[in-house]
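**Student:** Handing you a structure now.
Residue numbers (my numbering): 1091 to 1198.
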């Protein structure tokens, strides 16, 4: 059940915190500011990831090689280079890709 509904667009959420975060897409509010450069963000998670561009922190390390990443999503994409997984397929020719950007480049 999703009892928390956005008054702007009607989208519903399971948690009130998710609704509050979503409403910032309508209001443009960016309450979380980078202490290094002043750039502002709607979510604390986005700020944390951004701060890593200043600190150089890359806490997510590949178990197969020495590469490390500032986001788990980047690590997950990288892992496909080791597993050979190619989840994105071209609808025209059937060729498969390990990341969406490669598929988009192919389709151009």
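Just so it is clear, CB atoms sit at the ideal spot from N, CA and C, and this is done for glycine as well. This structure is a prediction, so every number in the text was calculated from the model and none was measured.
1. Straight-line CA distance for residue 1127 to residue 1183?
2. Taking the alpha helix (DSSP H) that residue 1116 falls in, what are its first and last residues?
3. CB residue 1160 to CB residue 1171, shorter than 8 Å?
4. What are the boundary residues of the alpha helix (DSSP H) that includes residue 1162?
5. From 1124, 1153, 1098, pick the residue whose C-alpha is nearest to that of residue 1114; which is it?
6. Does the distance from the C-beta atom of residue 1120 to that of residue 1130 stay below 8 Å?
7. Return the chain-ordered list of same chain residues with a C-beta closer than 7 Å to the C-beta of residue 1151, the five sequence neighbours on each side being excluded.
8. Can you tell which of 1194, 1175, 1155 has its C-alpha closest to the C-alpha of residue 1181?
9. May I ask which residues mark the beginning and end of the alpha helix (DSSP H) holding residue 1135?
10. With residue 1141 and residue 1124 assumed to form a contact (beta carbons below 8 Å), what rounded beta-carbon distance in angstroms separates them?
**Tutor:** Answer, in terms of the structure:
1. Going from the Cα of residue 1127 to the Cα of residue 1183 covers about 45 Å.
2. For residue 1116, the enclosing alpha helix (DSSP H) covers residues 1106-1117.
3. It is not a contact, given that the beta carbons lie outside the stated cut-off.
4. Start and end: 1162-1173.
5. Shortest Cα-Cα distance from residue 1114 to any of 1124, 1153, 1098 involves 1098.
6. For the pair residue 1120 and residue 1130, the CB atoms are nearer than the 8 Å cut-off.
7. Hits under 7 Å: 1158.
8. For the residues 1194, 1175, 1155, the minimum Cα distance to residue 1181 belongs to 1194.
9. That run of the alpha helix (DSSP H) goes 1134-1145.
10. The C-beta separation of residue 1141 from residue 1124 comes to about 6 Å, placing the pair in contact by the 8 Å criterion.
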